[in-house]
Structures are given as structure tokens and as C-alpha cells.
Amino acid sequence: MKIVASVKNFEIALRTKLIRSGCIFKQSKSTLIIDLPLVLMQPDAELRYQIVSDLENAIFLIDVSENGGAKESMGNATIVCGGLTGKKITPYYVARGRTIPSGIHAQFGVPVMVSTVAGYRKKNIVDIEVQQHWIRQQESEAWIETKQLYFGPFIEMPKQLKHFQAAAEAAWKKCQCIDCRHVHYAKLC
Ligand SMILES: [Zn+2]
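Residues in the sequence shown are numbered consecutively from 40, following this note's numbering.
(1) For E208, report the span of its alpha helix (DSSP H) as first-last.
(2) For a test of your reading of the model: does the CB of R220 fall under 8 Å from any non-hydrogen atom of ligand 1? Yes or no.
(3) Would you kindly work out how many angstroms separate the C-alpha atoms of R59 and A205, rounded to a whole number?
(4) Determine the direct distance from the alpha carbon of A109 to that of A225, and round the result to whole angstroms.
(5) Please determine, among D218, K212, Q187 and E180, the residue with the shortest C-alpha to C-alpha distance to M80.
(6) Decide yes or no for the touch test of the stretch 184 to 200 against the stretch 154 to 170: beta carbon pairs closer than 8 Å, at least 3 of them.
(7) Report yes if the C-beta distance between C219 and A116 is below 9 Å; otherwise report no.
(8) Do you know whose CA, among A52, K126 and G148, lies nearest A44's CA?
(9) For the stretch 139 to 224, list the beta strand (DSSP E) runs that are entirely contained and at least 3 residues long, ordered along the chain.
(10) For M40, which residues in the same chain have their Cβ closer than 6 Å to its Cβ, ignoring the five residues on either side in sequence?
(11) How many angstroms separate the CA atom of I98 from the CA atom of V153?
(12) I think I73 touches C62, with their Cβ atoms under 8 Å apart; what is that distance to the nearest whole Å?
(13) Does at least one heavy atom of ligand 1 sit under 8 Å from the Cβ of K110?
Below, the structure written as C-alpha cells:
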């Protein structure tokens, strides 16, 4: 999971500047998706991203993937869903064709806030972890803040998290899906 900057209808001068400064970016039609450089911090500190000049008006997105699957009796998987609703959201990339078993199956770019639901399987025990993630920004630095809403057995998820039930069920299935090669929870057209 990381923060990227999205600039729609960009000017060629910006693209040139990014190339000159060694920034990594992807171009999709008239949009640039730019990897923000990391601010050098102490080991163990949270990752902080530098908002380089010329990107003050960019939209910042949390770049996060649905990934994982099972191998024999072990497995872990991450599902991505709406930050507050737990509903399916639309990925900007879906792995098709020769997908990697238990690799990345869909990639999402979400502004402001997103939730992830992870499943961890050890033999016949599956634990579910529900987290919300926000982009925080202060002056020229941005970082992802994470709040843990739940960690424990699927059947013991508290009632107030019932809007994450469908995503949790998907995580529960995906972490038991041997050599998973497909998307379990996304709005696909
Ligand atoms: Zn699967």
C-alpha cells in the first residue's frame, strides 16, 4: 500500500520535469499517476511521502491491491473495499491471462480513505482483520494512517461491523482458495 499522485489533463512541462527529476510515473491517456518519493526517516517509523513541488494540485490516492490465496493448509489474502461502507469498489487494473498464483489480482487507487479486510489461515483456523486507512497530509509530507477495527475469528465479528460482512466472507474464502488466480471482491464491468 502506498500513496500516489494523480494529475488529470497534465501539461507536457510537468511530464518533462518528472522525467528530469527521476520520478517514477505511469501515464494513462490524459492522466499521470506518480509515485511520490519517500522522506528518509528512522527505521521503524511510518512511511512518509514527499509532496514534490508542482504536485500541490494533484489528487492523492491510496494505491492498494487485492492479493493472496492459499498454499496447502496455510493462506493469507487481502480484500479491498469502501472505507466506510465495506462495499465493492472498482479497480483500475485487473490481472487477466497468466496471473500469478496468490499474487496481485486487482489494483485500486482510492482518494481519502479505504478499508482492507485480510484473512489469515493456519490449518483450520481463519482469522479476519478489518482495517481503515486514511491519507494524512501536513505541509509537504503525506502518510497513511491505519485504524484496526477487528482482528479475530470470522464468526465473532462484532455486529457493528456487519457492513464489512461480505468483504470478510470474501477474505475468508480467498485465504483458503488454493493458488488463487482471480478477483474475489470488486466491482467489475
Ligand atoms: Zn480465488
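Glycine included, every Cβ here is placed at the ideal spot set by N, Cα and C. As the structure is a prediction and not an experimental result, all values here were calculated from the model.
Taking the structure as given:
(1) By one-based count along the sequence shown, residue 208 stands at place 169. Its alpha helix (DSSP H) spans residues Q204 to K213.
(2) The residue you call residue 220 lines up with position 181 of the sequence shown. Yes.
(3) Numbered from its first residue, the sequence shown carries residue 59 at position 20. Numbered from its first residue, the sequence shown carries residue 205 at position 166. So the alpha carbons of these two residues sit roughly 46 Å apart.
(4) Along the sequence shown, read from residue 1 onward, the residue named residue 225 stands at position 186. Along the sequence shown, read from residue 1 onward, the residue named residue 109 stands at position 70. Taking the straight line from one Cα to the other gives about 19 Å.
(5) Locating residue 80 in the sequence shown gives position 41, where the first residue counts as 1. Per the Cα distances, E180.
(6) yes
(7) Here residue 219 is taken as the residue at index 180 of the sequence shown, counted from 1. Here residue 116 is taken as the residue at index 77 of the sequence shown, counted from 1. Yes, these two residues count as a Cβ contact at 9 Å.
(8) Here residue 44 corresponds to residue number 5 of the sequence shown, with the count starting at 1. Answer by Cα proximity: G148.
(9) 143 to 150, 152 to 161, 164 to 177 and 180 to 192
(10) Position 1 of the sequence shown, counting from 1, holds the residue named residue 40. Counting only Cβ-Cβ distances below 6 Å, and skipping sequence neighbours, we find V103.
(11) On the sequence shown, position 59 is the one that residue 98 refers to. On the sequence shown, position 114 is the one that residue 153 refers to. Rounded to the nearest angstrom, the two C-alpha atoms are 15 Å apart.
(12) Working through the sequence shown from its first residue, we reach residue 73 at position 34. Working through the sequence shown from its first residue, we reach residue 62 at position 23. Rounded, the Cβ-Cβ distance is 6 Å, consistent with contact.
(13) The residue labelled residue 110 in the question sits at position 71 within the sequence shown. Result no, Cβ not under 8 Å from ligand 1.
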